[in-house]
Amino acid sequence: MIAGITKPTAGEVELKGRRSVSDNQGDDVVKFLGYCPQENVLWPDLTVREHLEVFAAVKGLRRADATVAISGLVDSFKLHEQLNVPVQKLTAGATKKLCFMLSILGNSSILLLDEPSTSMDPAGQQQMWQMIQTAIKNTEKGALLTTHYLAEAEAICDRIAIMVSGRLRYIGSIQHLKNKLGKDYNLELKVKETSQVNLVHSEILKLFPQAAQQERNFSFLTYKLPMADVHPLSQAFHKLEAVKHSFNLEEYSLSQCTLEKVFVELSKEQEAGDFDEEVNTTMKWKLLSHSDDP
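When we follow UniProt numbering, the leftmost residue of the sequence shown carries the number 1, and every step to the right adds one.
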């Protein structure tokens, strides 16, 4: 709907001062918008090179500029051997890389990315994340990303919107969301000797009275610690170092709640009917500094 491909049943979309992209038929619309759909909408008989050259021409790139841009993208995603291969013979990962390359080709000022990393290998995902950040950092450009891979959202997004059961539950910065709904810390311990597990458990409860055990699997223990038990962090780590040496722990980690765990908590609250707060679903496209907080 944002790209103007599907007509919305209600509401309005405003990008770069335009109320609806579909109402603008000029070449400038094609040039400022880069779109990577979730489905494969490429021409099966055209090669990777032919796709890139066609999209560069549509974007209005001069031949010399197109050659440089295409070469840089191919180098970044290591698709040299696939340049003359028809799309129908590409792997799913290579096809997804091509879809993303076409969306970012031409220095688009707005990127619409729908599950762009699906089927990509880890190296390709990391490269894509870096390219998105580089494209919009310190510029008047922006990207709208939809993903089920919450680590991806946490890695590249300044602000997020979370939907649960078809309803918008949150819009804002990741840190604000963690502070609001993910106040607990996660403590994980791995004990070398299983005979020490009960002693380690008793010691953790002694040092962190409000600790709630989440998992206990042979030599692996996990706890949820409220912020009051953890702060100051220096003191918490001092206690854990003492436990490590006293009980010969193999390793431990203390970390803030991840975005994925926050999402799980939101889902549980939605199912239980405990999250009744309404959010303002009006979203306006504007440049936000890293210091902005909802």
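The beta-carbon is built from N, C-alpha and C at its ideal position, and this holds for glycine as well.
Looking at LEU225, ALA236, LEU233, SER219, the one whose alpha-carbon comes closest to that of LEU249 is SER219. Assigned with DSSP and collapsed to three states, GLN175 falls in helix. Nearest Cα to PHE237 within the set LEU254, HIS245, ALA228: LEU254. By the Cβ neighbour-count rule, VAL264 is exposed, with fewer than 16 other Cβ atoms within 10 Å of its own. Apart from the 5 residues on each side of it in sequence, CYS36 sits with its Cβ closer than 6 Å to the Cβ of CYS99, PHE100, SER103, LEU113, PRO116 in its chain, given in chain order. Under DSSP, ILE162 forms a beta bridge with TYR170. Ranked by Cα distance from LEU33, the first of THR222, THR258, LYS59 is LYS59. Counting the other Cβ atoms within 10 Å of the Cβ of HIS80 gives fewer than 16, which makes it exposed.
LEU240 is a Cβ neighbour of TYR252, given a cutoff of 8 Å. For GLU188, the enclosing beta strand (DSSP E) covers residues 185-191. Fewer than three beta-carbon pairs drawn from the stretch 191-202 and the stretch 145-154 are found closer than 8 Å, and the two stretches are therefore not classed as touching.
Shortest Cα-Cα distance from TRP129 to any of ASN217, CYS157, VAL41 involves CYS157. Excluding residues up to 5 positions away in sequence, SER117, GLN125, TRP129, LEU145 lie with their Cβ nearer than 8 Å to the Cβ of GLU152 in the same chain.
Of the residues assessed, ARG62 falls on the exposed side of the cut-off, its CB having fewer than 16 other CB atoms within 10 angstroms.
Between the C-alpha atoms of THR6 and ALA211 there is a straight-line separation of about 50 Å. Residue state for LYS59 is assigned as coil, using DSSP reduced to three classes. Contact check for GLN127 and PHE55: beta-carbon distance about 19 Å, past the 8 Å limit, so the pair fails to qualify. GLU140 carries a coil assignment under DSSP once its states are collapsed to helix, strand and coil.
When secondary structure is reduced to three states using DSSP, PRO86 falls in the strand class.
Our two residues, GLN256 and TYR185, have alpha carbons roughly 5 Å apart in a direct line.
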